[in-house]
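Numbering-wise (the working numbering), the sequence shown opens with residue 1 and increments by one.
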Amino acid sequence: MSTPMLNVGSQPALNQPGQNSLWPLPPFPTQSPPMLLAAVPNSGPTTGGNTVLLIGMGLSNVTNVSFGGTPAIVLSQDFPLGLLVSVSAPAHAAGTVPVTVTTTAGTSNAVNYTYQAPALPPTAASIVPTSGPVTGGTPFTITGTNLTGANVLFGGVPATGVVVDPSGNSLTGVTPPGIAPGNVPVTVITPNGTATVPGGFTYLAVTPTADSIVPTSGPVTGGTPFTITGTNLTSANVLFGGLPATGVVVDPSGNSLTGVTPAGLAPGNVTVTVVTPNGTANVPGGFTYTAVAPTADTITPNSGPAAGGTPFVITGTGLTGGSVTIGGNAATGVTVDPTGTLLFGTAPAGTVGNQPVVVTTPGGTATVPGGFTYV
């Protein structure tokens, strides 16, 4: 068998101009410059030293990594894929800088990396005002530095409505109620630390005021419902001429209270005093006890000798301070029991026959039905 021979003469010559040939051959492709897609993380401390992973394409054969013109230390790269480069970020001033990668094929586009200044703890120089009522509710301002994100504690109790100025150099808020009167520490707390305001804040005891009482008068027997208006009346007791009122109830606002008057010692005006743990206050004008008109229902016995000397008992109401006449003559030895419902005495001498019996008190007079008969 013979070996076929290549007929060179019948083939078109390669690379001959003017013919449908491969001439001229295209140039061999060249390597493209690297491309960066991201830096992870894209921020870090100004001191550097943290690891940053650069993600992109064509990152093989890295010769230099720049953070804002400062070279970084290349820790590793995934040669030959060229997708990842791990570097140690260099130190740099705070701010955002461009990051680029240089390979044997050129320098990449830039991605941003932000150097963050070290977080600083807060300072608290002063508070205005420096005192307020123990009930809280006092607007305040604290000046200092690095106050962003702050909360404020007054003796461990959080303030309300805290708002920090955008500069971070001042904040405002409202004091919480204090546990008791006195000075408490004021602490500013931020994510970067705490600071104590020099001098703290002083809670002041709130003394009561008593503006008015309604009604302004009532019977000496007591039992008159009353209302006192004022301020800071929480936990109050009320005295009428030194005698405690009963059923005292303070409104939750602390601006009013109700109660019932005690029995008075005698008709007339008495001082009304509101007493709280933080002080006392007198109601202007006080309260006037009015005498109660008496009633006289019976006299026992209802007869006796004209010579007098008959002990008797009169029943009724409002007899306190009373005196008695029988037929116009004053009875003797008159006394009244504490309830004001029984009056004791001795009949004077009188004229034979039925005589009127009249009881007289500071509140008025009353005539006993049927009178008294002298025999």
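C-beta: ideal position from N, C-alpha, C; glycine also.
- According to the DSSP assignment, Thr123 belongs to the beta strand (DSSP E) that extends over 123–128.
- In this structure, Thr261 and Gly199 do not form a Cβ contact; the two beta carbons are roughly 47 Å apart against a cut-off of 8 Å.
- Val249 carries a strand assignment under DSSP once its states are collapsed to helix, strand and coil.
- Assignment of beta-bridge partners to Val260 by DSSP yields Pro225, Thr246.
- In this structure, Pro311 and Ile326 do not form a Cβ contact; the two beta carbons are roughly 13 Å apart against a cut-off of 8 Å.
- In terms of Cβ geometry, Thr141 and Thr172 form a close pair [threshold 8 Å].
- Annotated three-state conformation of Phe344 is strand, per DSSP.
- Taking C-beta separations shorter than 8 Å and ignoring five residues to either side along the sequence, the partners of Ser235 in its chain run Val250, Thr276, Pro277, following chain order.
- By a beta-carbon distance limit of 8 Å, Pro121 contacts Ala195. Their separation comes to about 7 Å.
- For a cut-off of 8 Å, the C-beta gap from Gly371 to Val357 is around 5 Å, short enough to register as a contact.
- Residue range 95–103 is occupied by the beta strand (DSSP E) that includes Val97.
- Taken through DSSP and simplified to helix, strand or coil, Thr234 comes out as coil.
- Linking Ala293 to Gly363 through their CA atoms gives a straight-line distance of about 4 Å.
- Contact between the segment 180–188 and the segment 212–226 is absent: fewer than 3 CB-CB pairs across the two stretches fall below 8 Å.
- The count of Cβ pairs closer than 8 Å, one atom from the segment 281–296 and one from the segment 314–329, reaches three, so the stretches are in contact.
- With three or more CB-CB distances shorter than 8 Å, the segment 201–209 counts as touching the segment 124–136.
- Apart from sequence neighbours up to five positions away, the residues of its chain that approach Pro71 with a beta-carbon distance below 7 Å are Asn64, Val65, Pro90, ordered along the chain.
- In chain order, Thr175, Pro176, Pro177, Gly178 place their CB closer than 7 Å to the CB of Gly136, counting only its own chain and leaving out the 5 sequence neighbours on each side.
- Put simply, the backbone Cα of Met57 is about 8 Å away from that of Leu37.
- In the three-state scheme derived from DSSP, where H, G and I count as helix and E and B as strand, Leu204 is classed as strand.
- Rounded to whole angstroms, the gap between the alpha carbons of Val197 and Thr138 is 16 Å.
- Within the same chain, and ignoring the five residues on either side of Thr221 in sequence, the residues whose Cβ sits closer than 6 Å to its Cβ are Ala263, Val292.
- Here Phe67 is bridged, per DSSP, to Thr70, Val99.
- With 16 or more other CB atoms across the displayed protein chains lying within 10 angstroms of its CB, Phe154 is buried.
- The DSSP assignment places 311–317, 323–326, 332–336, 342–346 as complete runs of the beta strand (DSSP E) inside the segment 309–354, in order along the chain (cut-off: 3 residues).
- Annotation: the continuous beta strand (DSSP E) that includes Asn151 extends over 151–154.
- Classified as buried, Val101 has 16 or more neighbouring CB atoms from the shown chains inside 10 Å of its CB.
- Buried is the label assigned to Thr190, since at least 16 other Cβ atoms lie within 10 Å of its Cβ.
- Only exposed fits Leu81, as fewer than 16 other CB atoms lie within 10 angstroms of its CB.
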